[in-house]
Structure formats: C-alpha cells, structure tokens
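>
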Amino acid sequence: MQPKLKMRLGDLLVHENVITEAQLQDALNRQKTNGRKLGQSLVEMGIVSEQKLLTFLAQQLNVPLIDLTQIRLDPDVVKKIPEVQARRFRALAIREEEKHILVGMSDPADLVAFDALSNVLPKPIKLAVVREAQLLQAFDNQYRRTDEIESFAQELASEYQDSQNFDFMQAATGEEDTAVARLLQSIFEDAVQMKASDIHIEPEKDVLRIRQRVDGVLQENVIRQANIASALVLRLKLMSGLDISEKRLPQDGRTQVTVKGHTVDVRLSTMPIQGGESVVMRLLDQSAGLLTLEQTGMPQHMVDRYRILLQRPHGMILVTGPTGSGKSTTLYASLAEMNKANVKIITVEDPVEYRLPRINQVQINDKIGLRFSNVLRTALRQDPDVIMVGEMRDTETVEIGMRGALTGHLVLSTLHTNDAISSAVRLLDMGAPGYLVASSLRAIIAQRLIRRNCEQCATDYQPLPEERFWLSNIDPMAAQMQFKQGQGCDACNLTGYRGRVGVFELLEMTESMMEALKNSDNNRFTNEAEKAPNYRPLAHMALEYAAQGITSVGEVLRLVETVADVQSVKSAPAIQAPAEAALHAPAPETSSNPEGQASQSGPNWGLE
Numbered sequence: 001m002q003p004k005l006k007m008r009l010g011d012l013l014v015h016e017n018v019i020t021e022a023q024l025q026d027a028l029n030r031q032k033t034n035g036r037k038l039g040q041s042l043v044e045m046g047i048v049s050e051q052k053l054l055t056f057l058a059q060q061l062n063v064p065l066i067d068l069t070q071i072r073l074d075p076d077v078v079k080k081i082p083e084v085q086a087r088r089f090r091a092l093a094i095r096e097e098e099k100h101i102l103v104g105m106s107d108p109a110d111l112v113a114f115d116a117l118s119n120v121l122p123k124p125i126k127l128a129v130v131r132e133a134q135l136l137q138a139f140d141n142q143y144r145r146t147d148e149i150e151s152f153a154q155e156l157a158s159e160y161q162d163s164q165n166f167d168f169m170q171a172a173t174g175e176e177d178t179a180v181a182r183l184l185q186s187i188f189e190d191a192v193q194m195k196a197s198d199i200h201i202e203p204e205k206d207v208l209r210i211r212q213r214v215d216g217v218l219q220e221n222v223i224r225q226a227n228i229a230s231a232l233v234l235r236l237k238l239m240s241g242l243d244i245s246e247k248r249l250p251q252d253g254r255t256q257v258t259v260k261g262h263t264v265d266v267r268l269s270t271m272p273i274q275g276g277e278s279v280v281m282r283l284l285d286q287s288a289g290l291l292t293l294e295q296t297g298m299p300q301h302m303v304d305r306y307r308i309l310l311q312r313p314h315g316m317i318l319v320t321g322p323t324g325s326g327k328s329t330t331l332y333a334s335l336a337e338m339n340k341a342n343v344k345i346i347t348v349e350d351p352v353e354y355r356l357p358r359i360n361q362v363q364i365n366d367k368i369g370l371r372f373s374n375v376l377r378t379a380l381r382q383d384p385d386v387i388m389v390g391e392m393r394d395t396e397t398v399e400i401g402m403r404g405a406l407t408g409h410l411v412l413s414t415l416h417t418n419d420a421i422s423s424a425v426r427l428l429d430m431g432a433p434g435y436l437v438a439s440s441l442r443a444i445i446a447q448r449l450i451r452r453n454c455e456q457c458a459t460d461y462q463p464l465p466e467e468r469f470w471l472s473n474i475d476p477m478a479a480q481m482q483f484k485q486g487q488g489c490d491a492c493n494l495t496g497y498r499g500r501v502g503v504f505e506l507l508e509m510t511e512s513m514m515e516a517l518k519n520s521d522n523n524r525f526t527n528e529a530e531k532a533p534n535y536r537p538l539a540h541m542a543l544e545y546a547a548q549g550i551t552s553v554g555e556v557l558r559l560v561e562t563v564a565d566v567q568s569v570k571s572a573p574a575i576q577a578p579a580e581a582a583l584h585a586p587a588p589e590t591s592s593n594p595e596g597q598a599s600q601s602g603p604n605w606g607l608e
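Residue numbers for the sequence shown follow full-length UniProt numbering, so the first one is 1 and each next one is one higher.
1) Please work out which residues of its chain come closer than 8 Å, Cβ to Cβ, to Thr510, disregarding the five sequence neighbours upstream and downstream, and give them in chain order.
2) Pick helix, strand or coil for Ala196, following the three-state DSSP scheme.
3) Give the secondary structure of Glu220 by DSSP, where H, G and I count as helix, E and B as strand, and everything else as coil.
4) Using the rule of at least 16 other Cβ atoms within 10 Å of the residue's Cβ for burial, across every protein chain shown, is Gln462 buried or exposed?
5) Given that a residue counts as buried once 16 or more other Cβ atoms are within 10 Å of its Cβ, and exposed if not, what is Lys260?
6) Where Asp451 and Leu356 are concerned, what is the direct C-alpha to C-alpha distance, given to the nearest angstrom?
7) Grab the span of the beta strand (DSSP E) containing Tyr461 for me, first residue to last.
8) If you scan the stretch 329-391 from start to end, which runs of the beta strand (DSSP E) of 3 or more residues do you find wholly inside it?
9) Using a Cβ cut-off of 8 Å (strictly closer), state whether Ile101 contacts chain B.
10) Using the rule of at least 16 other Cβ atoms within 10 Å of the residue's Cβ for burial, across every protein chain shown, is Ser552 buried or exposed?
11) Applying the 10 Å Cβ sphere with the 16-neighbour rule, what's the burial state of Leu449?
12) Can you tell me whether His314 is helix, strand or coil according to DSSP?
13) Give a yes or no on contact between the stretch 269-278 and the stretch 239-252, applying the rule of three or more CB pairs nearer than 8 Å.
14) To the nearest angstrom, report how far apart Leu13 and Ala86 are at their CA atoms.
15) Would DSSP call residue 640 helix, strand or coil?
16) Less than 8 Å between the C-beta atoms of Gly297 and Gly502, yes or no?
17) Using 8 Å for Cβ pairs, my map puts Gly321 next to Ala446. What's the rounded Cβ distance?
18) CB-CB under 8 Å to Val303, same chain, minus the five flanking residues each way: which ones, in chain order?
19) Could you spell out the range, first to last residue, of the alpha helix (DSSP H) harbouring Glu511?
20) So what does DSSP say about Lys158, is it helix, strand or coil?
21) As a quick exercise: from Arg442, Leu517, Asp198, pick the residue whose alpha carbon is nearest that of Gln311.
22) Of the choices Pro476, Arg358, Lys237, whose alpha-carbon is the least far from that of Lys247?
23) Considering only residues of the same chain and omitting the five flanking positions on each side of Asp26, which have a CB-CB separation below 8 Å?
24) With a threshold of 8 Å on Cβ separation, who are the neighbours of Ile364 within its own chain once the five nearest residues in sequence on each side are excluded?
25) With DSSP collapsed to three states, give me the class of Arg209.
26) In the structure shown, what three-state DSSP assignment does Trp605 receive?
27) By alpha-carbon positions, which one of Leu410, Arg426, Cys457 ends up nearest to Ser440?
28) Can you tell me whether DSSP reads Ile244 as helix, strand or coil?
29) Under the rule that 16 or more other beta-carbon atoms within 10 Å means buried, what is Asp394, buried or exposed?
30) With distance defined between alpha-carbon atoms, name the residue in Arg267, Ala22, Ala516 nearest to Asp285.
31) Check whether the Cβ atoms of Gly549 and Ala424 lie closer than 8 Å to each other.
32) Does DSSP classify Ser325 as helix, strand or coil?
33) Note down, in chain order, each residue of its chain lying with its Cβ closer than 6 Å to the Cβ of Phe166, except the 5 sequence neighbours on either side.
34) State buried or exposed for Gln40, treating a residue as buried only when at least 16 other CB atoms are found within 10 Å of its CB.
35) Starting from Asn453, follow the beta strand (DSSP E) in both directions and report where the run begins and ends.
36) Considering only C-alpha positions, which residue in the set Arg211, Trp470, Val207, Glu508 is nearest to Ser197?
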C-alpha cells in the first residue's frame, strides 16, 4: 500500500520543528516560480539538507532509506519500469521479492507516481526512499540503449540481407527514418550517456564489435548481425562527406550529430581491415564549452605560474604527452585565457577540434600541400600576437616556430614525448640548433590523464609490500600515506573508477638550462632541470592525488611505468614490475565473447 503522511509535508516539517513557518512560506513562494516540488525547493534554498529531509520522510512514512551505492542492481528488475516512467517519476525498481517489488523513489509520498507505477509493475509495490542524484546516475547506467540497438540491428539485417545491395543502401542513407539512421543515433546516444570519448566500429567475419572508450578504457559490445557493418560505414561516410566508393584507402572526415539537444562534433577515421572497414569516431561535445585552466586539474600554484608565462610577449611554450593525455584541452584553455579584442591569435591545426570566435583557425590539408610548415610561414606574415601550432612534427616546423618565437610572437605547440625534460632533448634530436632552442623555449608542460576513484564505492586501501616499495621511490614519506581504491559498483560500471583528472609538471627554463641547451649538452640539461626549485615530476603529483583519495595506487604505478620519471624507480630492482603491482585493483566482471575470450563487462548486444 501507498504510505501516507499524516499531513502535508510542509506542515509536518513545521510541526516537527524541522523548519520554521517563515522558511516554509519562503519555500512555497519559490515553488510557485520554479515549479519544483516543495522538498526540492527546501534543499535548493539550503533550509534543510537532502539527507535530513529524506531521513525525516523515511521515518514518517515508515519506509527504508536506501543507499544505492551499496546495492548491486539487477538490470532485468530495473527494466520492469520503462525508462520514460522511471525518469518522470524518479522511481527505480531495486529488488523483486516473492510478493512485492521494492521501488526506490526520491518522493515516496507522490500518490500520482505510485498509482502510475502500480499499473506498470506486475506485483505490489514496497517503497523506499533514495537520493535523487543516485537515482539519476542509476538511470544513466541501467537504461543503456542495448535493447533498442539490438532491435535496430535486427531490423537493418532483415532489410539488408545482401551486403552488396548498393541500390538499397543509397535509398536508405538518404533518409533519417531508416533502420541504419536509427541504429547510429542510438549508438551515439548510448556513447554520450556513458561519457565516451571515442566509438570504435570493427567488423569481423561473424560479428560486429562496437567499443566505447570511457575514462580512457575500452568497453566492448558485440552485435551478431555482422552483415550490417557495410551499411553503418556507408551511412557514416555520407554523413562525413567521404568517398563512398573508396574502400581500399583510409579516409578522414567530420560531421555533427545532435544528441539530447547537444551538438556533438564527430571526427571520423576509416581504415581497411580484414573484415571490411574499421571506423573510429572521436566525440567532441561543443555545447559543453571549453574548460578553464583550473578545470583541467592543474593545481592553482601551477596555474598562477603558467598565466605569467602566457602574458609574455614572445617565446615558445610546449605542452607534451602521448595521444589522449589532454594536450589539446590545455591549449584551448590557454587560448581562451588570451582571447581578447586586442590580441591577434592564429592557430594551425590538424584537425580543428573546437571552433573559437575571434581566433583565425587553419585546418591542415596535406592533399593540397597545406602543411604545418608553409601555413606557419604565412601565419607569421599575418601580424599575429599568438600562434598555436597543433604539433611540432618535423624539423622545418620546429625551426619556423622557434624563429617566430624570437621575432616577437608567443608560440604554443605540442610534442609527443613522455615528460618535460625529454621534450627539450627531443627538439635537439629533431635537428633544431641548440642556440635556437635555448633562445626561444620558455617553458614545457607535460601532462597525463589518470582515472579518479569512484566516490560512491571508494574504500581504504592498504598497498602491498611491493607497491609500497615503488611508492617510496617516488616519495620516502609514502609509507605514512593513506590510500583509497574503488571496489566497483553500479555507479562506475563495476570498474572502481569514474572520470579522469589531469596530472601536470611545469618546467621553466633557467639560465643554466639554456646554457646546456645552447651547447647541446643533454646530460647537463637533465641534471639542471631536476634541480630546478619549482619542478616536480608527474609521479609526485599523481602520488599526492592518491594520498588525497582522488586516485588509486594502481593509477600512480601505471603512470610511473609509462613515464619512468623518477631516477630511483628507473634503477630499482625488479621485485615486481609496476604494471603487475598495479593490477591488484578489483577486476571488472567479464563476459564471454564469441571467441571464448574474456571481455570487459558491459552490454552484449545481440548475443542472447
């Protein structure tokens, strides 16, 4: 039965001295303007905390208050309430028992919602109180578009029995309300809902694999209908303006899709493989806006130093790291800082990721000879104050950029190197004269992205002896530090991690470092850089985050393995390789794929 309050919520809160009559009136007045429920208004105004309000409701209605982070949800039970009703009524089917179904609600006193849900569910309802934020997160995690995608894949497969039926495909790809269009839209919506950065479409002989990169890690899903791969690829090529008749050579393109009112830029790359054409799409949510320097995760003391560097009228600043380390995000945040009416900014990019007002952005096109080096020469004649070069790819581009930095321009660019110290050495290895590097280079930022512990399931973690050994090589005080690690829950898709944060090191050139570069003395430069008073390697910042509970020991050791920026770690005896020591985090659940290999937990489209 539906529990009932003895009186209206507001009056009951006043009667029990939880709030005052004046506070109730203020909340009611606000409720008239924003249309929200009274409880939401009280929480938004700070009159009562959400936890206190929910505890009060649970006591008055004699129903349990449930923490969803402590519960492993059954997807089959959850989906007994359709997604539309679940989101509308803020209700989640938590557990099915013999005589009833336990349903969590943010407002269990909502009679309209209770009656509507009673008509949907096959058993009587037993209510519980759940925080609204936890409900919304559970909706995103549980109501994946797996059934919808499987249905569209089956529909497309039945329409497109012959993968060579080109006439059918030309007709299908010209309309928006076709199976292939609906299937792709569902794939994009699922990826955006999971905050995926990339979508991989990989055809094989018997299956079509669709993988999403979430927080830097691929999650695999499988579609049995392998023959629809060519339909998906053809549709994507048409959307991106690529040559649909060319299947033997790689192609790059760009398109836009709209997902839940958000415009998402899609950078697309095709490549011929054994099973057909592989497609990888990078998703860029333009509506999310650019991050500020603080939002990248850069600590405030480093932001302050970096802002001073950005105010200098000339010189070169490099942002370094491997692919996917957030270099472009940092550069765009830097450009946003300097983007003013009195500053002329020109960028040379491949590709242009975000379109920025007032900034002159040039897209590289090697096919017509529009390369970094010749565009950079022209850019220097356009009277710029700031030039951003997407990447220092060759000696010619490096030298032109450095000469621009010497002639009154601030030049920003990237390099694919492991750390800040090796970046300067890399410039010398590329053939740039030492005197030119020393005269133009002002600072180098190296960065990585590491995964955040899931706040919902992170618990205290005691490192193993071999992990303590490696951590002590980063900082001798590591033995006294306390750490946390995610155990895996519904909120983080059983991975123990949710989201990523940047770790940075900033190396500013000193006289002694510039002298070493001028003489092309790599060893002396390295020694001088390591002694710089404000220089802290990446691993130190990662360890600091681990000590704060932001990330795990495993992520720190993974960073040390890839960067190897602590000399004692480099020369430490191999008690256990860092990668092995980092693998003590709880492994995600696995499911069998058609080849019998383990794949990361996730929906398996079309397998059942």
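Cβ atoms here follow ideal geometry from the backbone N, Cα and C, with glycine treated the same way.
Per the coordinate set shown:
1) One-based indexing of the sequence shown puts residue 510 at position 510. Excluding five sequence positions before and after Thr510, the CB atoms of its chain that fall closer than 8 Å to its own CB belong to Glu528, Ala532, given in chain order.
2) The residue given as residue 196 occupies position 196 in the sequence shown. Residue state, collapsed to three classes: coil.
3) Taking the first residue of the sequence shown as 1, we reach residue 220 at position 220. Residue state, collapsed to three classes: strand.
4) Start at 1 with the first residue of the sequence shown, and residue 462 comes out as number 462. Exposed, since its Cβ has fewer than 16 Cβ neighbours within 10 Å.
5) In the sequence shown, residue 260 corresponds to position 260, counting from 1. Looking at its Cβ environment, which holds fewer than 16 other Cβ atoms inside 10 Å, Lys260 is exposed.
6) Against the sequence shown, residue 451 aligns to sequence position 451. Against the sequence shown, residue 356 aligns to sequence position 356. Reading off the sequence shown, one finds Arg at residue 451, where the question assumed Asp. Taking the straight line from one Cα to the other gives about 29 Å.
7) For the purposes of this step, residue 461 is identified with residue 461 of the sequence shown, where counting begins at 1. Looking at the DSSP string, the run of the beta strand (DSSP E) that includes Tyr461 is 458-461.
8) Fully enclosed beta strand (DSSP E) runs of 3 or longer: 345-349, 360-363, 386-389.
9) Although the question refers to chain B, the structure presented lacks it and comprises just one protein chain.
10) For the purposes of this step, residue 552 is identified with residue 552 of the sequence shown, where counting begins at 1. The C-beta of Ser552 has 16 or more other C-beta atoms within 10 Å across all chains shown, which makes the residue buried.
11) Residue mapping note: residue 449 aligns to position 449 of the sequence shown, counting from 1. A buried status is given to Leu449, since no fewer than 16 other beta-carbon atoms sit within 10 Å of its beta-carbon.
12) Counting from 1 along the sequence shown, the entry for residue 314 is found at position 314. Three-state result, His314: coil.
13) Result yes; three or more Cβ-Cβ pairs closer than 8 Å.
14) For the purposes of this step, residue 13 is taken as the residue at position 13 of the sequence shown. For the purposes of this step, residue 86 is taken as the residue at position 86 of the sequence shown. Taking the straight line from one Cα to the other gives about 27 Å.
15) The chain is shown from 1 up to 608; residue 640 falls before or after that span and cannot be answered.
16) Counted from its first residue, the sequence shown places residue 297 at position 297. Counted from its first residue, the sequence shown places residue 502 at position 502. Cβ atoms of Gly297 and Gly502: closer than 8 Å.
17) Translated into positions along the sequence shown, residue 321 becomes position 321. Translated into positions along the sequence shown, residue 446 becomes position 446. Gly321 to Ala446, Cβ: 6 Å. Contact.
18) Residue mapping note: residue 303 aligns to position 303 of the sequence shown, counting from 1. Hits under 8 Å: Leu293, Glu294.
19) In the sequence shown, counting from the first residue as 1, residue 511 sits at position 511. Its alpha helix (DSSP H) spans residues 511-518.
20) Within the sequence shown, residue 158 is the residue found at index 158, counting from 1. This sequence places Ser at residue 158; Lys is not what is there. In this structure, Ser158 counts as helix in the three-state DSSP scheme.
21) Taking the first residue of the sequence shown as position 1, residue 311 is located at position 311. Comparing Cα positions, the closest option is Arg442.
22) Counting from one through the sequence shown, the residue named residue 247 turns up at place 247. It is Lys237 whose Cα lies nearest to the Cα of Lys247.
23) By one-based count along the sequence shown, residue 26 stands at place 26. Correct list, in chain order: Met45, Ile47.
24) To locate residue 364, count along the sequence shown from 1; it is residue 364. For Ile364, where only same-chain residues beyond five positions count, the Cβ hits under 8 Å are Val348, Glu349, Asp350, Pro351, Leu370, Arg371, Phe372, Val375, Gly390.
25) Locating residue 209 in the sequence shown gives position 209, where the first residue counts as 1. Looking at Arg209 - three-state DSSP - the assignment turns out to be strand.
26) On the sequence shown, position 605 is the one that residue 605 refers to. Low confidence applies to Trp605: its pLDDT is 42, below 50, so where it sits in the model is not reliable, and the reading given next is rough at best. Per DSSP, reduced to three states, the secondary structure at Trp605 is coil, with no helix or strand assignment.
27) In the sequence shown, residue 440 corresponds to position 440, counting from 1. Measuring from the Cα of Ser440, the nearest candidate turns out to be Leu410.
28) Locating residue 244 in the sequence shown gives position 244, counting from the first residue. Here DSSP, grouped into helix, strand and coil, assigns Ile244 to coil.
29) Sequence index remark: in the sequence shown, residue 394 carries index 394 (1-based). Classification of Asp394: exposed, given that the 10 Å Cβ count is below 16.
30) Here the question's residue 285 lines up with position 285 in the sequence shown. Of the listed residues, the one whose Cα sits closest to Asp285 is Arg267.
31) For the purposes of this step, residue 549 is taken as the residue at position 549 of the sequence shown. For the purposes of this step, residue 424 is taken as the residue at position 424 of the sequence shown. No; because the gap between Cβ atoms is not below 8 Å, this pair is not in contact.
32) Against the sequence shown, residue 325 aligns to sequence position 325. For Ser325, the secondary structure class from DSSP, reduced to helix, strand or coil, is coil.
33) As a position in the sequence shown, residue 166 is number 166, starting the count at 1. Only weak support is given to the placement of Phe166: the predicted model assigns it a pLDDT of 46, under 50, and the value that follows is read from those uncertain coordinates. There are no such residues.
34) The count along the sequence shown starts at 1 and reaches residue 40 at position 40. The residue is buried, with at least 16 neighbouring Cβ atoms inside 10 Å.
35) Against the sequence shown, residue 453 aligns to sequence position 453. Per DSSP, the unbroken beta strand (DSSP E) holding Asn453 starts and ends at 441-453.
36) Along the sequence shown, one-based indexing puts residue 197 at 197. Closest by alpha carbon: Arg211.
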